[in-house]
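Beneath this line is the structure, given in structure tokens, with notes to follow.
In the numbering used here, the protein residues as written are 28 to 200.
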């Protein structure tokens, strides 16, 4: 059985973005929002809102590139938990709405990334997804998690993997 590019992109991005949205709900109950929005792990790292924005960009751009379509523009203007949650919702709606047939040829599609300095990378879609898009997305998701956790929000691994739900194997009685 083969696994499709859609199977290893869309559900992965959606599950993580839903988790990220839920982290903000938990954070809002435990810490001042204004304080958390300024949070960063190191002085040279971008703060919490940027981590959400870059995770969103990574997900929507990856799916768009793999499908050979344009990603929707989402200016980086979010300045509240509500706005960051809405960005997650919009990103989820976009990636779930991409035609699966358009993603079907994504594994072989050439993906070219160009950076502002003119340098970049050329990949097949599969190598782009597994070697760049997913690691880049999870860098920003994990950084957002770490910012919240380091600020004292009571997040744990179940919050990161909440899409799994409760364990489905019960211990023998």
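Ideal placement from N, C-alpha and C gives every residue a C-beta, glycine not left out. A quick note: this is a predicted structure, and the numbers were derived from the prediction, not measured.
Using a Cβ distance threshold of 8 Å, residue 164 and residue 97 do not count as a contacting pair. Here residue 114 is near residue 79, since their CB atoms are less than 8 Å apart. For the options 173, 162 and 174, the alpha carbon positioned closest to that of residue 40 is the one of 162.
Nearest Cα to residue 124 within the set 133, 94 and 135: 94. In this structure, the alpha-carbon of residue 112 lies about 33 Å from that of residue 135.
In this structure residue 118 is buried. Its beta-carbon is surrounded by 16 or more other beta-carbon atoms within 10 angstroms.
Residue 73 places its beta carbon 8 Å or farther from that of residue 138. When 36, 70 and 43 are compared, the shortest CA-CA separation from residue 172 is found for 43. The shortest C-alpha to C-alpha distance from residue 58 to any of 181, 149 and 127 is the one to 181. Excluding sequence positions up to five before and after residue 166, its CB lies less than 6 Å from no other CB in the same chain. Ranked by Cα distance from residue 175, the first of 33, 56, 99 and 154 is 56.
In this structure, 131 is the residue among 71, 37 and 131 with its C-alpha nearest to the C-alpha of residue 29.
Cβ-Cβ separation between residue 89 and residue 156: approximately 6 Å, consistent with a contact (criterion under 8 Å). Shown here for residue 126: same chain residues with a beta carbon closer than 8 Å to its own, the five before and five after excluded, namely 94 in chain order. Under the DSSP assignment, residue 67 falls outside any beta strand (DSSP E); it carries neither an H nor an E label. The beta carbons of residue 152 and residue 133 sit closer together than 8 Å.
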